[in-house]
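The block underneath contains the structure these notes are about, expressed in structure tokens.
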Amino acid sequence: MGGGILVLFTIPSFIYTGRYYVDFQQVISNYTAFNTSWYGEGWFLFPFICLSLLSPWIFKLTDRYKVRWILPISFLLGTCTSFIISRYGAQYLYKSHWLYNPFLILHLAPSFIFGAMLQRTGFIHKMQEKYNSRWLWLALILVVIIVCVTRTAAWGPLYAMAFIVLFLSAPRWQWVDKGLMLLGNHSMNMWLIHAWFCYYIFHDLTYSLGYPLLIYIALIVISLLCSYLVNAICSLPLFIIEKCQNKKIIRACTVPQSLGFVAGMLSDLQKKYEVVLLSSPGPEWERIYKSHPDIKCIEVNMERHISPIKDIKSLWQLWRTFRREKPQMVHSMTPKAGLLCMMAAWMAGVPVRVHTFTGLVFPTAVGGKRKILMMTDRLTCACATHIIPEGEGVKNDLLNNGITKKPIKVLGYGNCRGIDLKRFDRTPEVMEQAGRLRKEGVCTFIAVGRIVGDKGINELVEAFVKLNRENADTRLILVGGYEEKLDPLKPETLSLIKNNDAIESVGSQSDVRPWFAASDVAVLASYREGFPNVVIEAGAMGLPQVVTDINGANEIIIEGVNGTIVPSKDANALYDAMKRMLDAGYRDILAKNARKWIASRYEQGFVHKCLYDFYDTCL
Numbered sequence: 000m001g002g003g004i005l006v007l008f009t010i011p012s013f014i015y016t017g018r019y020y021v022d023f024q025q026v027i028s029n030y031t032a033f034n035t036s037w038y039g040e041g042w043f044l045f046p047f048i049c050l051s052l053l054s055p056w057i058f059k060l061t062d063r064y065k066v067r068w069i070l071p072i073s074f075l076l077g078t079c080t081s082f083i084i085s086r087y088g089a090q091y092l093y094k095s096h097w098l099y100n101p102f103l104i105l106h107l108a109p110s111f112i113f114g115a116m117l118q119r120t121g122f123i124h125k126m127q128e129k130y131n132s133r134w135l136w137l138a139l140i141l142v143v144i145i146v147c148v149t150r151t152a153a154w155g156p157l158y159a160m161a162f163i164v165l166f167l168s169a170p171r172w173q174w175v176d177k178g179l180m181l182l183g184n185h186s187m188n189m190w191l192i193h194a195w196f197c198y199y200i201f202h203d204l205t206y207s208l209g210y211p212l213l214i215y216i217a218l219i220v221i222s223l224l225c226s227y228l229v230n231a232i233c234s235l236p237l238f239i240i241e242k243c244q245n246k247k248i249i250r251a252c253t254v255p256q257s258l259g260f261v262a263g264m265l266s267d268l269q270k271k272y273e274v275v276l277l278s279s280p281g282p283e284w285e286r287i288y289k290s291h292p293d294i295k296c297i298e299v300n301m302e303r304h305i306s307p308i309k310d311i312k313s314l315w316q317l318w319r320t321f322r323r324e325k326p327q328m329v330h331s332m333t334p335k336a337g338l339l340c341m342m343a344a345w346m347a348g349v350p351v352r353v354h355t356f357t358g359l360v361f362p363t364a365v366g367g368k369r370k371i372l373m374m375t376d377r378l379t380c381a382c383a384t385h386i387i388p389e390g391e392g393v394k395n396d397l398l399n400n401g402i403t404k405k406p407i408k409v410l411g412y413g414n415c416r417g418i419d420l421k422r423f424d425r426t427p428e429v430m431e432q433a434g435r436l437r438k439e440g441v442c443t444f445i446a447v448g449r450i451v452g453d454k455g456i457n458e459l460v461e462a463f464v465k466l467n468r469e470n471a472d473t474r475l476i477l478v479g480g481y482e483e484k485l486d487p488l489k490p491e492t493l494s495l496i497k498n499n500d501a502i503e504s505v506g507s508q509s510d511v512r513p514w515f516a517a518s519d520v521a522v523l524a525s526y527r528e529g530f531p532n533v534v535i536e537a538g539a540m541g542l543p544q545v546v547t548d549i550n551g552a553n554e555i556i557i558e559g560v561n562g563t564i565v566p567s568k569d570a571n572a573l574y575d576a577m578k579r580m581l582d583a584g585y586r587d588i589l590a591k592n593a594r595k596w597i598a599s600r601y602e603q604g605f606v607h608k609c610l611y612d613f614y615d616t617c618l
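Under numbering that gives the first Met the number 0, the residue at position 361 of the sequence shown is numbered 360, and the numbers go up by one with no gaps.
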């Protein structure tokens with residue numbers, strides 16, 4: 000505001016040369032107290048600046064001390080300084096601005112103090128409750144009359160206080176309050192600029208009206224319009240800076256492995272936003288650092304399982320991180336990161352808080368665990384400003400189970416990563432590697448993902464062992480790591496994997512494309528998913544698939560078109576579907592449609608554009 004005022008004060012010195020005697024140098028000198036110009040329109044600039052800078056201490060003063068001390072002391076201060084200035088101003092004070100300015104500041108200070116007291120203490124309402132309003136009104140009216148009769152500036156502070164209290168305690172129409180609120184928002188600007196603007200720029204327009212009331216109305220209207228101009232001038236630099244600066248987005252996951260959802264879009268996101276990655280520590284960070292050395296990464300410990308003490312510590316660290324980084328958006332994925340990040344972002348006042356549900360755990364849980372999981376999902380949604388379900392199945396589960404009543408929408412056809420069709424293709428390089436992995440004359444099934452119970456590996460191994468006993472020319476490849484603590488396989492399943500030569504557990508692979516190309520059928524036996532990327536990747540590689548009837552998978556796979564769908568947790572149904580896939584002619588029909596279907600709905604550029612459009616609407 001001060002910059003806009005300074006500019007506007009200076010304009011007339013260039014336009015009305017000779018008429019407007021307050022030039023740029025004089026305005027600056029008033030700002031700095033090197034020249035008071037108390038007789039002109041800039042006499043109050045330096046005291047106003049000083050009192051504005053002192054306002055934090057004035058607020059502390061009004062908060063610390065009671066009204067019965069603040070009111071008489073500020074009144075006494077204002078009265079004494081008014082008396083000294085009116086009696087000795089011309090004789091002593093006006094001759095030295097270093098002597099005059101302290102008295103002027105003390106003279107104006109009671110108005111600041113009284114205003115702070117009214118705002119912070121609710122003084123008027125307390126007075127009305129404690130004293131009979133009739134007697135209060137009579138006392139205030141008497142004060143106003145005395146001030147008008149005596150005609151001395153020494154009563155100025157008392158008059159101001161009495162009039163303000165009298166006015167604010169009086170009943171008013173609603174439209175009066177609205178008008179006063181409008182003027183109140185511009186009152187500081189209007190006070191600072193009204194005098195010189197109407198004396199010089201609009202002098203003829205204002206004073207040609209002839210009547211004091213019309214002059215007063217014109218003065219208010221012109222000052223109000225000028226205030227809008229001042230606000231526009233002052234907000235323009237901030238607007239330009241905001242437009243020039245990239246808005247900060249923090250993308251958060253529980254473990255760094257899940258940051259793969261974001262990796263493919265980082266280059267495009269960084270063109271428009273400042274992107275920060277956040278996750279728990281892990282060796283996977285090294286790969287991210289190498290591929291994106293310019294990206295800022297933050298490590299915050301987050302446990303995947305329920306751990307109240309560690310979760311509280313993580314919540315504290317996340318809150319401190321968001322307070323320090325000051326992002327415009329926090330976008331979380333995975334359950335634990337969603338809960339902790341949305342709570343911490345809400346506590347830190349992050350304006351846009353987005354959580355993507357890539358999968359829901361509670362639909363497959365039972366008893367108390369189900370209730371706890373539903374409660375945590377409700378809390379995540381309550382703290383988030385925007386909720387993105389990865390597919391229609393996840394959306395329906397959220398709404399049908401009363402997890403949230405907020406409007407939620409699937410972006411595009413679902414999925415939050417998309418597929419790079421150029422990468423997931425049977426290129427000569429990929430096929431060369433696949434040739435070393437393939438076993439000719441053997442129908443090879445492949446399952447990619449964590450080797451855990453929740454992924455249906457127990458049922459898959461059981462179904463395959465039955466199939467292999469009947470058809471020796473079959474093979475099962477398991478690509479993924481084991482999780483012995485969180486969700487271990489049954490001992491009998493582990494034994495079957497270890498002792499059956501037709502089952503190959505190859506561990507986690509940095510590049511799954513050769514393994515897909517070396518296989519004939521992809522299988523997803525999972526109990527739950529949000530929108531399984533592995534199904535999209537396998538489809539892009541031209542594989543027919545057997546998937547369970549779960550969220551996401553049943554949206555990607557169309558029965559009899561690019562694969563087949565079976566009930567979850569049903570080993571017999573898996574066996575029947577896998578046995579049918581032994582028919583090479585049937586597999587070929589499904590394989591011809593597999594890549595085309597994925598390309599039409601889940602191409603990476605399309606999926607990313609849906610997310611970018613969403614960001615643009617939020618930021």
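Don't be surprised by glycine CBs; every beta carbon is placed ideally from N, CA and C.
Output yes or no for whether 8 angstroms exceeds the beta carbon distance between C442 and D519.
Stepping through the sequence shown from its first residue, residue 442 is reached at position 443. Stepping through the sequence shown from its first residue, residue 519 is reached at position 520. Yes, the Cβ-Cβ distance between C442 and D519 is below 8 angstroms.
Look at the Cβ atom of I294, then the Cβ atom of L339, and state whether they are nearer than 8 angstroms.
Along the sequence shown, one-based indexing puts residue 294 at 295. Along the sequence shown, one-based indexing puts residue 339 at 340. Their beta carbons are not under 8 angstroms apart, which means I294 does not touch L339 by this criterion.
How would you label V305, buried or exposed, when you count the other beta carbons within 10 angstroms and need 16 or more for buried?
By one-based count along the sequence shown, residue 305 stands at place 306. Looking at the sequence provided, one finds Ile at residue 305 rather than Val. Classification for I305: exposed.
What distance in whole Å lies between the Cβ atoms of P513 and A433, which are believed to be in contact at a cut-off of 8 angstroms?
The residue you call residue 433 lines up with position 434 of the sequence shown. The residue you call residue 513 lines up with position 514 of the sequence shown. Yes, they are in contact, since the Cβ atoms of A433 and P513 sit about 5 angstroms apart, within 8 angstroms.
Check this for me: beta carbons of G455 and E554, under 8 angstroms apart or not?
Position 456 of the sequence shown, counted from the first residue, corresponds to residue 455. Position 555 of the sequence shown, counted from the first residue, corresponds to residue 554. Going by C-beta atoms, G455 is not nearer than 8 angstroms to E554.
Given that a residue counts as buried once 16 or more other Cβ atoms are within 10 Å of its Cβ, and exposed if not, what is L277?
Here residue 277 is taken as the residue at index 278 of the sequence shown, counted from 1. Buried.
Given a cut-off of 8 angstroms, decide if G479 and V447 are closer than it, judged by their beta-carbon atoms.
To locate residue 447, count along the sequence shown from 1; it is residue 448. To locate residue 479, count along the sequence shown from 1; it is residue 480. Contact: yes.
Given a threshold of 16 other Cβ atoms within 10 Å of its Cβ, counted over all protein chains shown, does Q327 qualify as buried or as exposed?
Residue 327 sits at position 328 when you count from the first residue of the sequence shown. Flag for Q327 reads buried.
Taking 8 angstroms as the threshold (C-beta atoms), are L488 and N532 in contact?
For this step, residue 532 is matched to residue 533 along the sequence shown. For this step, residue 488 is matched to residue 489 along the sequence shown. Not closer than 8 angstroms, so no.
For the alpha helix (DSSP H) containing M540, name the first residue and the last one.
Locating residue 540 in the sequence shown gives position 541, where the first residue counts as 1. Segment: none, M540 is in no alpha helix (DSSP H) and carries neither H nor E.
Taking the alpha-carbon positions, what's the E654 to E285 distance?
Because residue 654 is not part of the residues shown, which for the chain are 0 to 618, the question remains open.
Following the continuous alpha helix (DSSP H) through L495, name the residue where it begins and the one where it ends.
Within the sequence shown, the letter at position 496 stands for residue 495. Here the alpha helix (DSSP H) through L495 covers P490 to N498.
Are C252 and M332 close, meaning C-beta to C-beta below 8 angstroms?
Stepping through the sequence shown from its first residue, residue 252 is reached at position 253. Stepping through the sequence shown from its first residue, residue 332 is reached at position 333. Yes; because the gap between Cβ atoms is below 8 angstroms, this pair is in contact.
Taking 8 angstroms as the threshold (C-beta atoms), are E273 and N300 in contact?
The residue given as residue 300 occupies position 301 in the sequence shown. The residue given as residue 273 occupies position 274 in the sequence shown. Contact: no.
Kindly indicate which three-state DSSP category G337 falls into: helix, strand or coil?
Residue 337 sits at position 338 when you count from the first residue of the sequence shown. Three-state result, G337: helix.
Got a sec, what are the start and stop residues for the alpha helix (DSSP H) A552 sits in?
Residue mapping note: residue 552 aligns to position 553 of the sequence shown, counting from 1. A552 to I555 is the extent of the alpha helix (DSSP H) around A552.
Whose C-beta lies closer than 7 angstroms to the C-beta of R623 among residues of the same chain, with five residues either side of it excluded?
There is no way to answer for residue 623, as the model of the chain reaches only from 0 to 618.
Within 10 angstroms of the Cβ of L224, are there 16 or more other Cβ atoms? Answer buried if so, exposed if not.
Counting from 1 along the sequence shown, the entry for residue 224 is found at position 225. With fewer than 16 Cβ atoms within 10 Å of its Cβ, L224 is classed as exposed.
Can you name the start and end residues of the beta strand (DSSP E) that Y272 belongs to?
Along the sequence shown, one-based indexing puts residue 272 at 273. Start and end: Y272 to S278.
Relative to the C-alpha of A570, which candidate in G417, Y611 and L459 has its C-alpha closest?
Start at 1 with the first residue of the sequence shown, and residue 570 comes out as number 571. With distances taken between Cα atoms, A570 lies closest to L459.
Applying the criterion that 16 or more other CB atoms from any shown protein chain within 10 Å of the CB defines a buried residue, is R323 buried or exposed?
One-based indexing of the sequence shown puts residue 323 at position 324. Exposed, since its Cβ has fewer than 16 Cβ neighbours within 10 Å.
Out of L475, L493, L477 and I476, which one is the CA nearest neighbour of E483?
Working through the sequence shown from its first residue, we reach residue 483 at position 484. The candidate whose alpha carbon is nearest that of E483 is L493.
Rank C79, E469, M540 and V365 by C-alpha distance to the C-alpha of V429 and give the top, closest one.
Counting from one through the sequence shown, the residue named residue 429 turns up at place 430. For V429, the nearest C-alpha among the options comes from M540.
In terms of residues, what are the limits of the beta strand (DSSP E) holding P388?
Here residue 388 corresponds to residue number 389 of the sequence shown, with the count starting at 1. Residues H385 to P388.
In the DSSP assignment, what are the bridge partners of G434?
In the sequence shown, the residue the question calls residue 434 occupies position 435. None, per the DSSP bridge assignment.
Run the CB neighbour count on L213, radius 10 Å, all protein chains shown included, and call it buried at 16 or more, exposed below.
Looking up residue 213 in the sequence shown gives position 214. L213 should be labelled exposed.
Could you check where the alpha helix (DSSP H) with S313 kicks off and where it finishes?
As a position in the sequence shown, residue 313 is number 314, starting the count at 1. Residues P307 to E324.
DSSP on V606, reduced to helix/strand/coil?
As a first step, residue 606 is located in the sequence shown; it is residue number 607 there, counting from the start. Note: V606 maps to helix in three-state DSSP.
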